[in-house]
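Position in the sequence shown (first residue = 1) + 309 = the numbering used here. Note that CB positions come from ideal geometry on N, CA and C, so glycine has one too. In what follows, a structure is listed as C-alpha cells, so that the remarks can point back to it.
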Amino acid sequence: MSKDSEKSEELFKPVGEAAEEVSNAQQQGGVDGVVITGAEDAMGHPVQEIESLCMNCGENGTTRLLLTSIPYFKEVVLMSFECPHCNLKNSEIQPASQIEEKGSKYLLKIENKDDFNRQIVKSESASCKFVELDIEIPPKKGQLTTVEGLLEEMIEDLEADQEARKSVDEELWKKINEFIKKVRDAIACEEGLLPMTFILDDPAGNSWIEFVPGEPQHKWSHTQYIRNDDQNVQVGIITRDQLEQRRQEQLAELSNRERNQSQSVKVGSAANQFLSDATDIENYSNEVQTFRTACPSCLQECETHMKPVDIPHFKEVIIMATTCDNCGYKSNEVKTGGAIPEKGKKITLYCDDSADLSRDILKSESCALSIPELNLDIHEGTLGGRFTTLEGLLEQVSEELRSRVFSQTSDSMNEETKQRWESFFGKLKEALEGKVKFTVIMTDPTAGSYIQNVYAPDPDPNMKIEEFERSAEQNDDLGLTGMDVN
C-alpha cells in the first residue's frame with residue numbers, strides 16, 4: 310500500500326470511527342480543537358463541538374457531534390452545523406456501523422395521529438414512499454425525524470418555489486397547491502385519507518422505523534433483501550466502472566462455459582444423456598450440486614451449493630447455501646419448486662407435547678409466523694426461507710433477538726421495557742423446555758410452507774390447514790398481478 314493511499318484512509322475514516330476516536334481521546338486527556346459542551350444523552354454519551362469550515366461563506370462555524378444508540382436499532386452519529394457569519398444551519402444523521410449484508414424495507418400502516426409521530430432513521434441511501442398519496446421522496450441526506458417531519462419538510466420544499474412557479478405555469482401552481490392541501494389534511498387525519506401505507510426502502514440496511522411492542526402484526530413489518538448490482542453502486546460498495554468490467558467478464562465466462570458444455574454433450578445408444586463439465590445430470594437428486602456465481606455483496610466469484618430434498622406428503626424443495634471467500638458473505642435459504650397455487654395457505658398447529666418441538670417445519674420467505682401465547686410475530690421476509698425443526702426455529706428466533714436487539718440496547722432501555730423483554734425470553738425458554746402449551750400459526754400467500762404431520766397419511770388432530778384468497782396487495786407484492794397462475 311502506498312503512502313498516499315495510507316494517508317487517504319487516515320483522513321477519510323468512517324464518521325462512526327472518527328467520532329468514537331474523538332470520544333476515546335477525550336477520555337484520555339482531550340483533543341485539540343474539540344470541546345465537550347457538558348450536554349449528554351440519556352445514556353451518558355457527550356455532545357462534542359468542533360470548529361469547522363462553512364461551505365457557504367468560507368468562514369469557520371461549529372459542528373456538534375453526538376455518538377448515540379437508538380433502542381431496537383443501532384449506533385448512529387447525530388451531527389449539526391451552525392455558522393454565526395451567514396446563519397447557515399444544517400443537521401443530519403449517519404450510521405456509525407458498516408453497511409449491512411442485505412438491504413432493508415420497512416412498511417408502516419398509518420392509522421391515527423400517533424403513527425405520524427413514529428421516529429424514523431433515514432440514511433442518505435434510503436427512499437420513502439407514501440402509497441395512497443402517490444409520493445416518493447428520493448435518497449438525500451441522512452435524517453433522524455418522524456413521519457410527520459418527512460411530510461412537513463417536503464411541503465416546505467414545494468412551497469419555497471410556488472411564487473416563481475405561479476408566474477411561469479399557473480396550472481401547475483394550482484395542482485401543487487391542491488396536493489399540499491391533501492398532504493396537510495392527511496397529517497390532520499381528515500376523514501377518508503387514512504389508513505395510509507408508508508414504505509422506507511434502504512439498500513444499505515441502515516434505516517429504521519420505530520417499532521411499538523405488542524402492536525397488531527399488520528401495522529409494522531421489516532423485510533431484508535439481497536441488493537442488485539445498481540444498488541451496490543448506489544451504496545458505494547463498488548463503482549460503476551467496476552460493475553461494467555465485472556459484467557463484461559461474466560459475459561465472456563458465460564460464453565466460454567456454453568461453448569465447453571456444447572462440446573461435452575454425448576448421445577448414448579440406449580438413451581440421450583447430457584453430461585455437464587462437472588456432474589451427471591441423472592445424479593441431480595442424489596448429489597450436492599456446486600456452481601460458481603457472483604457474490605451479491607462484492608460481485609466476486611463465489612460458490613453456491615444446492616441440494617434438492619423431497620419432503621414426504623408435501624413437495625420437493627431446494628436447499629441453497631452461498632459462501633464468499635472474498636468478503637465473508639454467507640447465506641442459506643430454502644426454495645420451493647413448482648407453480649404458485651391459486652390460493653394461499655394457513656397452517657395452525659396446537660403444541661401440547663414436548664415431542665411437537667421435533668416436528669420438521671419449512672418456512673418460506675413469504676410466510677408470516679405467529680405464536681399468540683408467546684407474543685411472538687415473525688413477519689414476511691424475516692429469517693428468509695428455513696427448513697428446520699420447530700425447536701430449531703424458536704432457538705434461532707431467541708438467538709437473533711438476544712444478539713441483535715436485546716444485548717445491544719438493554720443499557721438504554723427503561724425498566725418496564727427491559728422487564729417486558731425478560732418476560733418474553735422467559736416464556737420462550739419455557740416453550741423450548743416443553744413446559745407450556747402454545748399455538749403456531751403460519752400464513753403463507755404462496756402456500757409454500759409446511760409443518761410435519763406425524764400422523765400422515767391420516768389427518769393430524771392438532772393441526773388445521775386452511776386455504777384463503779390472496780389480497781390484491783399480496784398478488785402485487787408477489788409479482789402475480791396480471792399473471793396467469795393456472
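Secondary structure of residue i, DSSP reduced to three states
i: Pro355; result: strand
i: Phe488; result: helix
i: Asp478; result: coil
i: Glu610; result: strand
i: Phe425; result: helix
i: Pro681; result: helix
i: Ile649; result: coil
i: Lys450; result: coil
i: Glu433; result: coil
i: Thr790; result: coil
i: Ala603; result: strand
i: Met505; result: strand
i: Val749; result: strand
i: Glu519; result: coil
i: Lys316; result: Note that Lys316 scores a pLDDT of 42, beneath 50, so its modelled location is shaky and nothing firm can be said.
i: Leu552; result: helix
i: Glu472; result: helix
i: Ile620; result: coil
i: Leu692; result: coil
i: Leu397; result: coil
i: Lys744; result: coil
i: Ile444; result: strand
i: Thr511; result: One detail in the question is off: residue 511 reads as Asp in this sequence, not Thr. Residue state, collapsed to three classes: strand.
i: Ile687; result: strand
i: Glu562; result: helix
i: Ile496; result: helix
Where the alpha helix (DSSP H) through residue i begins and ends
i: Glu708; result: Leu699 to Leu710
i: Ser732; result: Glu724 to Leu741
i: Ala781; result: Ala781 to Asp786
i: Glu775; result: No alpha helix (DSSP H) contains Glu775, which is instead part of the beta strand (DSSP E) from Met772 to Phe777.
i: Met463; result: Val456 to Ala469
i: Asp538; result: Asp538 to Gln543
Closest Cα partner of residue i within the set the options
i: Lys418; options: Asp470, Asn399, Lys398 and Phe520; result: Phe520
i: Ser434; options: Asp769, Lys450 and Glu420; result: Lys450
i: Ile464; options: Thr455, Ser476 and Arg493; result: Arg493
i: Arg373; options: Leu710, Val385, Glu360 and Ile496; result: Glu360
i: Lys727; options: Pro522, Glu558, Ala603 and Thr697; result: Pro522
i: Asn307; options: Pro447, Gly458 and Cys395; result: Examination of residue 307 is not possible in this model, given that the chain is present from 310 through 795 alone.
i: Met364; options: His394, Val356 and Glu724; result: His394
i: Glu796; options: Gln761, Gly545, His531 and Ile489; result: Nothing can be reported for residue 796: it is not among the residues displayed for the chain, which extend from 310 to 795.
i: Gly673; options: Glu724, Ala664, Ser476 and Phe696; result: In the sequence as presented, Gly is not what sits at residue 673; that position holds Ser. Of the listed residues, the one whose Cα sits closest to Ser673 is Phe696.
Own chain residues within Cβ distance below 6 angstroms of residue i, not counting five before or after
i: Thr689; result: It should be noted that the sequence gives Glu, not Thr, for residue 689. Excluding residues within five positions, the ones whose Cβ falls inside 6 angstroms are Ser675 and Ala677.
i: Lys431; result: Gln452 and Ser516
i: Trp529; result: Leu417 and Phe520
i: Ser389; result: Arg373 and Ser400
i: Val597; result: His614 and Lys616
i: Lys773; result: Thr657
Residue range of the beta strand (DSSP E) that includes residue i
i: Val643; result: Lys639 to Thr645
i: Leu671; result: Asp669 to Lys672
i: Ser389; result: Glu384 to Glu391
i: Gly416; result: Just to set this straight, residue 416 is Leu in the shown sequence, not Gly. Leu416 -> beta strand (DSSP E) spans Gly412 to Ile419.
i: His531; result: Trp529 to Tyr534
i: Val626; result: Glu625 to Thr632
Cβ neighbours of residue i in the same chain (closer than 8 angstroms, five flanking residues each side left out)
i: Gly514; result: Ile408, Glu409, Glu410, Lys411, Gly412, Ser413 and Gln533
i: Thr748; result: Thr657, Leu658, Tyr659, Cys660, Ile680, Pro681 and Glu682
i: Val542; result: Thr548, Arg549 and Leu552
i: Tyr638; result: Glu410, Cys604, Pro605, Ser606, Cys607, Cys611, Thr631 and Thr632
i: Asn421; result: Cys498 and Leu503
Sequence-distant residues of its chain with Cβ nearer than 7 angstroms to residue i (five each side left out)
i: Ile262; result: Here the chain has residues from 310 to 795 only, and residue 262 is not among them.
i: Asn512; result: For the sequence presented, residue 512 should be read as Pro rather than Asn. Gly412, Ser434, Arg536, Gln540, Gln543 and Val544.
Below-8 angstroms beta-carbon distance, residue i vs any chain B residue
i: Ser564; result: Checking the listed chains, one finds no chain B in this structure; it contains a single protein chain.
Residue i beta carbon near the ligand ATP (any heavy atom closer than 7 angstroms)
i: Arg711; result: With respect to the ligand ATP, the structure offers nothing, as it holds no ligand at all.
Report yes or no: do three or more beta-carbon pairs, one from the segment 521-541 and one from the segment 407-414, lie closer than 8 angstroms? With the cut-off at 8 angstroms, the segment 521-541 and the segment 407-414 touch.
Any contact between the segment 752-767 and the segment 645-662? By contact I mean 3 or more CB pairs, one from each, below 8 angstroms. yes
Are the segment 608-618 and the segment 626-636 in contact at 8 angstroms, needing three or more beta carbon pairs? yes
The segment 678-687 / the segment 730-742 touching (three or more Cβ pairs under 8 angstroms): Judged by Cβ distances under 8 angstroms, the segment 678-687 makes contact with the segment 730-742, as three or more pairs qualify.
Answer yes if the segment 777-788 comes into contact with the segment 753-769, meaning at least three C-beta pairs across the two stretches below 8 angstroms, and no otherwise. yes
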